[in-house]
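Student: The listed protein sequences correspond, in order, to chains F and D. Mapped onto this note's numbering, the consecutive letters of the first sequence carry residue numbers 1 to 111. Mapped onto this note's numbering, the consecutive letters of the second sequence carry residue numbers 1 to 114.
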Amino acid sequence: DVKVTQSSRYLVKRTGEKVFLECVQDMDHENMFWYRQDPGLGLRLIYFSYDVKMKEKGDIPEGYSVSREKKERFSLILESASTNQTSMYLCATRGLAHEQFFGPGTRLTVL
Amino acid sequence: GENVEQHPSTLSVQEGDSAVIKCTYSDSASNYFPWYKQELGKRPQLIIDIRSNVGEKKDQRIAVTLNKTAKHFSLHITETQPEDSAVYFCAAKQIPDSSYKLIFGSGTRLLVRP
Numbered sequence: 001d002v003k004v005t006q007s008s009r010y011l012v013k014r015t016g017e018k019v020f021l022e023c024v025q026d027m028d029h030e031n032m033f034w035y036r037q038d039p040g041l042g043l044r045l046i047y048f049s050y051d052v053k054m055k056e057k058g059d060i061p062e063g064y065s066v067s068r069e070k071k072e073r074f075s076l077i078l079e080s081a082s083t084n085q086t087s088m089y090l091c092a093t094r095g096l097a098h099e100q101f102f103g104p105g106t107r108l109t110v111l
Numbered sequence: 001g002e003n004v005e006q007h008p009s010t011l012s013v014q015e016g017d018s019a020v021i022k023c024t025y026s027d028s029a030s031n032y033f034p035w036y037k038q039e040l041g042k043r044p045q046l047i048i049d050i051r052s053n054v055g056e057k058k059d060q061r062i063a064v065t066l067n068k069t070a071k072h073f074s075l076h077i078t079e080t081q082p083e084d085s086a087v088y089f090c091a092a093k094q095i096p097d098s099s100y101k102l103i104f105g106s107g108t109r110l111l112v113r114p
């Protein structure tokens, strides 16, 4: 059974803080993704990684960066959090059959 | 690039009735169309997918139809039950991968009234 975990379910940060969101998977999947979910906007891709140390920008990368030093871990970094980054953040991996497996999500509030 | 539009944004049906959610896509090269269900407070999970070599696929009370000419696909849920209440997302991509990206629709919130 695929397991994708995220470091926090809820997070409250202040404007200007550096924020780290961690995602860990145990299925040896090469592809990992970070999405943000906002009402009425669906799932928007921030960044993805197709292998260790490889990353590509998604549709809304501004204000974010990522790190993939090990295959099982994909981190999303907000260098200087802003209130418009308040959102639900979902990590996902992709299996061989193209199905995406999502983590439980991190609800981030930036005050 | 690919763009996926999903309608309606909200849908309310009586228990036992059918529900239909429609999506249109823009890239004629897309050939893989999954549907994800996200229950309140939970993660999205794949419920059914269809590839462009078939026009319809069924799994118990859910079915997906694909019209490649018109570039639209639909999710059909029959005999709806309260546990079908959730947000449903359609998506599209081309496989083998020309891009690793899966393009999602904006979601449909389905409410099944008991």
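The C-beta atom is built at its ideal place from N, Cα and C for all residues, glycine as well. None of these values were measured; they are calculated from a predicted model.
Do you know offhand how far Phe89(D)'s Cα is from Ser106(D)'s?
Tutor: Going from the Cα of Phe89(D) to the Cα of Ser106(D) covers about 7 Å.
Student: Got a sec? Which residues, its chain only, sit under 7 Å from Ser85(D) by beta carbon, not counting five neighbours each side?
Tutor: Cβ within range, chain order: Leu110, Leu111 and Val112.
Student: Within its chain, find whatever has a CB closer than 8 Å to the CB of Leu11(F); leave out the 5 residues flanking it on each side and keep chain order.
Tutor: Cβ neighbours of Leu11(F) beyond the five flanking positions: Val19, Leu21, Thr106, Arg107, Leu108 and Thr109.
Student: Determine the direct distance from the alpha carbon of Thr69(D) to that of Met88(F), and round the result to whole angstroms.
Tutor: Distance between the alpha carbons of Met88(F) and Thr69(D): 36 Å.
Student: Taking buried to mean at least 16 other C-beta atoms within 10 Å of its own C-beta, is Met54(F) buried or exposed?
Tutor: Exposed is the call here.
Student: Could you check the C-alpha separation between Phe101(F) and Gly16(F) for me, to the nearest Å?
Tutor: Spanning the two alpha carbons is a distance of roughly 31 Å.
Student: Should Gln60(D) be counted as a contact of the ligand COA given a C-beta to heavy atom distance under 6 Å?
Tutor: Among the components of this structure there are no ligands whatsoever, and the ligand COA is therefore not found.
Student: Is it the case that the region 74–82 of chain F contacts the region 70–85 of chain D, given that we only count it when at least three CB pairs across the two stretches are under 8 Å?
Tutor: Contact fails: fewer than three Cβ-Cβ distances are below 8 Å.
Student: Contact defined as beta carbons within less than 8 Å: I believe Gly58(F) pairs with Tyr47(F). What is the distance between those atoms, to the nearest angstrom?
Tutor: Contact holds; Cβ gap of about 5 Å.
Student: Give the secondary structure of Glu62(F) by DSSP, where H, G and I count as helix, E and B as strand, and everything else as coil.
Tutor: Coil.
Student: For Gly95(F) and chain D, any beta-carbon pair shorter than 7 Å?
Tutor: Not an interface residue.
Student: Consider the Cβ of Ile50(D): report whether some Cβ of chain F lies at a distance smaller than 7 Å.
Tutor: No, because no Cβ of chain F sits closer than 7 Å to the Cβ of Ile50(D).
Student: Under 8 Å Cβ-Cβ, which residues of chain D neighbour Leu76(F)?
Tutor: Simply none; closest approach about 16 Å.
Student: Please name the residue, chosen from Asp17(D), Asp97(D) and Leu40(D), that lies closest to Ile62(D) on a Cα-to-Cα basis.
Tutor: Out of Asp17(D), Asp97(D) and Leu40(D), Asp17(D) has the C-alpha closest to the C-alpha of Ile62(D).
Student: Taking any Cβ of chain F, which residues in the region 99–111 of chain D have a Cβ under 7 Å from it, in chain order?
Tutor: Flagged, chain order: Tyr100, Lys101, Leu102, Phe104, Gly105, Ser106 and Gly107.
Student: Taking Cβ to Cβ, would you say Leu43(F) is nearer than 7 Å to Gln37(F)?
Tutor: Yes, the pair counts as a contact, with Cβ atoms nearer than the cut-off.
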